[in-house]
Amino acid sequence: MMETKTIRELCDIVVDCPHSTPKWTTSGKIVIRNNNIKKGRIDFSSPSYTDDEHFNLRVKRAIPRSGDIIITREAPMGEVGMIPERIECCLGQRMVLLRTNPDICDNYYLLYSLQSKFVQHQISWSEGTGTTVSNLRIPHLEQLKIPYVPLKKQRLVASVLKSIEEKIILNEQINNNLAA
40 MMETKTIREL CDIVVDCPHS TPKWTTSGKI VIRNNNIKKG RIDFSSPSYT DDEHFNLRVK
100 RAIPRSGDII ITREAPMGEV GMIPERIECC LGQRMVLLRT NPDICDNYYL LYSLQSKFVQ
160 HQISWSEGTG TTVSNLRIPH LEQLKIPYVP LKKQRLVASV LKSIEEKIIL NEQINNNLAA
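Going by our numbering, the sequence shown opens with residue 40, and the numbers climb by one from there.
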């Protein structure tokens, strides 16, 4: 039997987004929305923005920082991405910020684990929980079981998966250039 730990055990911070729509602007601070998160990545090619005042309201619970993971709560449920270096942003609606405890969990290991069939199956247990769309509730999210191995092995697994992901991204870029 494999050892597991919950999100609550692995993360220093599990912060739900404000349950409000930001004031949209044509420039300013980046707001990450559900449609920006796909296949384990955050796509900044079509960013949304808000002003400083509304940005500050949206980061009251926690200021997102590089290496933090964002998971969508609905529409779609269970998509994840990691905030890259040098990006100042806040969360839109229907998402949660996860910050790992670096003493026991590698953030890339958690990112890849959240995309695994094992964890996505647990997330799917939230199907049918909302009145119009399914919703990953915070208590359920915090209790998701993540396969646990020692930190050194987590880093090794994450390093291999990150290398594969970088090759996939490079191949996608090459394919897009060839198609252009």
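Heads up, the beta-carbon is just placed ideally off N, CA and C, and yes, glycines get one too.
Whole alpha helix (DSSP H) runs in the region 142-211 with 4 or more residues, listed along the chain?
-> 146-153, 156-163, 177-181
Run the CB neighbour count on His-160, radius 10 Å, all protein chains shown included, and call it buried at 16 or more, exposed below.
-> The sequence position of residue 160 within the sequence shown is 121, counting from 1. Exposed: under 16 other Cβ atoms inside 10 Å.
CB-CB under 6 Å to Val-70, same chain, minus the five flanking residues each way: which ones, in chain order?
-> Taking the first residue of the sequence shown as 1, we reach residue 70 at position 31. So the qualifying residues of the chain are Pro-61, Ser-87, Thr-89, Cys-129, Gly-131.
Given Arg-293 as reference, the closest of Arg-133, Ile-110, Ser-105 once Cα atoms are compared | In the structure as shown, the chain starts at 40 and stops at 219, and residue 293 therefore has no counterpart that could be examined.
Residues near Gly-67 by beta carbon distance below 8 Å, same chain, minus five either side | In the sequence shown, residue 67 corresponds to position 28, counting from 1. Same-chain partners within the cutoff: Tyr-88, Thr-89, Asp-90, Asp-91, Phe-94.
Any idea what DSSP makes of Arg-138, helix, strand or coil?
-> The count along the sequence shown starts at 1 and reaches residue 138 at position 99. In this structure, Arg-138 counts as strand in the three-state DSSP scheme.
When the Cα atoms are used, what is the spatial distance from Pro-57 to Ser-198?
-> Position 18 of the sequence shown, counted from the first residue, corresponds to residue 57. Position 159 of the sequence shown, counted from the first residue, corresponds to residue 198. Cα to Cα, Pro-57 sits roughly 33 Å from Ser-198.
Through-space distance from Ile-203 to Leu-16, alpha-carbon basis | The question about residue 16 has no answer here: the residues shown for the chain are numbered 40 through 219.
Rounded to whole angstroms, what's the CA-CA distance from Val-53 to Glu-113? Just pull it up for me.
-> Counting from one through the sequence shown, the residue named residue 53 turns up at place 14. Counting from one through the sequence shown, the residue named residue 113 turns up at place 74. Spanning the two alpha carbons is a distance of roughly 16 Å.
Where Ile-69 sits in the DSSP three-state scheme | Walking along the sequence shown from the start, residue 69 turns up at place 30. The answer is strand: DSSP assigns Ile-69 an E or B state.
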